[in-house]
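Remarks on the structure that follows.
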Amino acid sequence: MRCVPTGSCFSAILRKLSPSLNVIFFFNIMTVVEQIVPVENISPRYDGYRRETLTLTWDERRQGHGKRRSDAGLEFAISLPGGTVLKGGDCMILEPERTIVRIQEAPEPVYIVRPKTPQEWASYAYHVGNRHQQVMIGDTELIFLQNPAVRSLFEQLHVPFDTGERPFTAALANVGHSH
């Protein structure tokens, strides 16, 4: 974790453009989180820290860099190692704020498909994978983020599906592939 001033680039540009301006610049110091701690690994030494949550969608949980705001409004930044995917229960310790921010997976609009036979499982997975769509695999169902391409595919193939809202985590995140 480190703290960096925010707005410093902006102030440098303003001074360059207008050096005669007598303007006072106020800077926020923002905590930058660089590592994640699973909730079960939080040391008892943090028992007195305030607890907050950060509710994120699947796409937001895959973004390892940028500014974030907890559900209660606390602002901080993250700069995580490449390929890091946040999951529910992951925690970020913000030392200066004496706060632990816990990740919560946001419910998202999804399609739910319940294949009845091994052939249906294989067929649905093949067709959706062939179109590079993400899937979450459950014990009895396949779950897809709602989007027009997936809906159109299901309608073309006469795949029965339900709609709902659930936290989504794709089976394989960011697997490289090209044609």
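Take the working numbering: the last position of the sequence shown gets the number 186, and nothing is skipped along the way. Positions of the beta carbon are idealized from the N, C-alpha and C atoms, including for glycine.
{"Item": "Y118 - DSSP class collapsed to helix/strand/coil", "Value": "strand"}
{"Item": "Per-residue DSSP class, three states only, for S15", "Value": "A caution first: S15 carries a pLDDT of 43, below 50, which makes its placement in the model too unreliable to give a value."}
{"Item": "First through last residue of the beta strand (DSSP E) which encompasses G75", "Value": "The amino acid at residue 75 is misidentified as Gly; the sequence shows Arg. Its beta strand (DSSP E) spans residues H72 to R76."}
{"Item": "Through-space distance from I110 to V46, alpha-carbon basis", "Value": "9 Å"}
{"Item": "Contact between the stretch 137-154 and the stretch 104-119 (3+ Cβ pairs under 8 Å)", "Value": "yes"}
{"Item": "Candidates G89, E67, A113 and L61: closest to G171 by CA position", "Value": "A113"}
{"Item": "Burial state of L101 (16 or more Cβ within 10 Å)", "Value": "buried"}
{"Item": "Between the CA atoms of P125 and G90 - distance to the nearest angstrom", "Value": "32 Å"}
{"Item": "Residues near V44 by beta carbon distance below 7 Å, same chain, minus five either side", "Value": "C98 and I100"}
{"Item": "Residues that L256 bridges to, as DSSP identifies them", "Value": "Residue numbering for the chain in the displayed model covers 8 to 186; residue 256 lies beyond these limits and cannot be assessed."}
{"Item": "Sequence-distant residues of the same chain with beta carbon closer than 7 Å to R193, five excluded per side", "Value": "The question about residue 193 has no answer here: the residues shown for the chain are numbered 8 through 186."}
{"Item": "Alpha carbon of T62 to alpha carbon of S77, nearest angstrom", "Value": "7 Å"}
{"Item": "CA nearest to the CA of L160, picked from A177, P174, R173 and A132", "Value": "A132"}
{"Item": "Distance, G145 Cα to V40 Cα", "Value": "32 Å"}
{"Item": "Buried or exposed by the 16-neighbour rule on C-beta atoms within 10 Å, applied to P12", "Value": "Note that P12 scores a pLDDT of 44, beneath 50, so its modelled location is shaky and nothing firm can be said."}
{"Item": "Within 8 Å, strictly: CB atoms of V108 and T176", "Value": "no"}
{"Item": "Distance CB(K74)-CB(E82) smaller than 8 Å", "Value": "yes"}
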